[in-house]
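Report on one structure; see the data block that follows.
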Ligand SMILES: [Zn+2]
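Residue numbers (my numbering): 3 to 311.
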């Protein structure tokens with residue numbers, strides 16, 4: 003029995019091994035074919051993606067060239083615009099197209115008296131220059147003396163309200179009138195001279211007053227008081243304080259746009275750079291032989307308010 007079984011094994015063993023190997027080969031071949039198909043499909047997908055990428059690159063480059071075209075169009079337009087003197091139109095809008103130096107310059111100081119007023123007066127005296135001071139009311143006896151000094155030294159003393167509180171002054175015509183009475187009386191009492199010029203806090207074009215500015219202007223007109231705004235700003239109203247060099251630059255750069263240039267300065271305790279800038283500004287104007295004068299009856303009206311305000 004055992005010998006017979008051994009013989010059968012020897013006879014069929016190689017066949018069995020052969021069949022097992024064959025089965026393995028078939029399974030592996032099928033696997034390889036399937037994998038190849040998947041690889042083929044993946045390759046196709048990659049091909050599609052590459053095509054998409056290429057078309058995207060193409061589109062981006064065409065957008066790039068459109069941007070370049072736009073840029074050169076903008077440059078061409080800018081070049082043409084630079085040939086047009088826009089500033090000339092700007093000046094015409096202001097009603098005073100000019101290229102020459104002004105015939106007169108007014109230095110005007112708002113919001114004083116302050117600890118700087120005496121220093122400003124000393125500098126003006128040193129350069130033999132007269133200016134205009136738009137003052138507010140003060141209870142300080144030391145400062146009150148300065149109203150008289152301003153008048154005595156030949157400057158024009160003008161009103162800038164008593165309280166300088168926008169919400170009070172512009173709350174009603176009555177409130178405005180009472181404030182006007184107060185500053186007018188104070189200046190007359192201190193100097194013996196009736197003030198005839200006024201500058202509205204915030205200017206006649208301020209956007210604070212809910213009441214039309216024409217109503218306040220009427221009050222001034224009835225009393226024969228002329229109001230003045232400005233056409234050049236020193237820029238010293240800003241906080242923090244502007245450096246003196248910047249105040250000098252601001253005060254001088256726009257002068258030649260006006261036949262009569264009126265520069266707005268501030269006479270407040272924290273505006274020390276204004277005092278510092280003043281000598282250089284005066285020197286630069288005097289070097290051009292432009293008279294620096296105080297406001298008087300010959301001054302042209304420099305007013306911001308128009309009926310459309
Ligand atoms: Zn003011």
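Ideal placement from N, C-alpha and C gives every residue a C-beta, glycine not left out.
- Within the chosen limit of 7 Å, ligand 1 does not reach the beta carbon of residue 115 with any heavy atom.
- Judged by beta-carbon spacing, residue 231 lies within the 8 Å limit of residue 306, meaning their Cβ atoms are closer than that value.
- Annotated as distal: residue 195 and residue 137, with beta-carbon spacing of 8 Å or more.
- Distance from the C-beta of residue 112 to the nearest heavy atom of ligand 1 is below 7 Å.
- In this structure, the CA atom of residue 286 is about 23 Å from the CA atom of residue 240.
- At least one heavy atom of ligand 1 sits closer than 7 Å to the Cβ of residue 162.
- With respect to the 8 Å criterion, residue 179 and residue 199 are not classified as neighbours on the basis of their beta carbons.
- Counting along the chain, residue 126 sits inside the alpha helix (DSSP H) bounded by residues 119-128.
- With fewer than three CB-CB distances shorter than 8 Å, the segment 244-256 does not count as touching the segment 207-222.
- The C-alpha of residue 108 lies about 25 Å from the C-alpha of residue 242.
- A Cβ-Cβ separation of about 5 Å places residue 161 in contact with residue 197 under the 8 Å criterion.
- In the DSSP assignment, residue 253 falls within the alpha helix (DSSP H) that extends over 246-255.
- Residue 261 and residue 211 have their C-alpha atoms spaced approximately 30 Å apart.
- Residue pairing for residue 137: DSSP places it in a beta bridge opposite 161.
- Not a single heavy atom of ligand 1 lies less than 7 Å from the C-beta of residue 157.
- Counted as a single uninterrupted DSSP element, the stretch harbouring residue 218 is not any beta strand (DSSP E) but the alpha helix (DSSP H) occupying residues 215-224.
- Taking a C-beta distance under 8 Å as the contact criterion, residue 296 and residue 134 qualify as a contact pair.
- Following the DSSP letters along the chain, one finds residue 308 in no beta strand (DSSP E), marked with neither H nor E.
- For residue 106, the enclosing beta strand (DSSP E) starts and ends at 106-112.
- For residue 240, the three-state secondary structure derived from DSSP is coil.
- If you check the C-beta of residue 306 against ligand 1, you find no heavy atom less than 7 Å away.
- Relative to ligand 1, the nearest heavy atom lies less than 7 Å away from the CB of residue 203.
- Taking a 10 Å sphere around the C-beta of residue 214, we find fewer than 16 other C-beta atoms and assign the residue as exposed.
- Fewer than three pairs of CB atoms, one per stretch, sit closer than 8 Å, so the segment 110-129 makes no contact with the segment 180-189.
- Between the alpha carbons of residue 120 and residue 273 lies a gap of roughly 13 Å.
- When beta bridges are read from the DSSP output, residue 268 appears opposite 112.
- Restricting attention to 183, 267, 106 and 128, the CA atom closest to the CA of residue 258 is found in 106.
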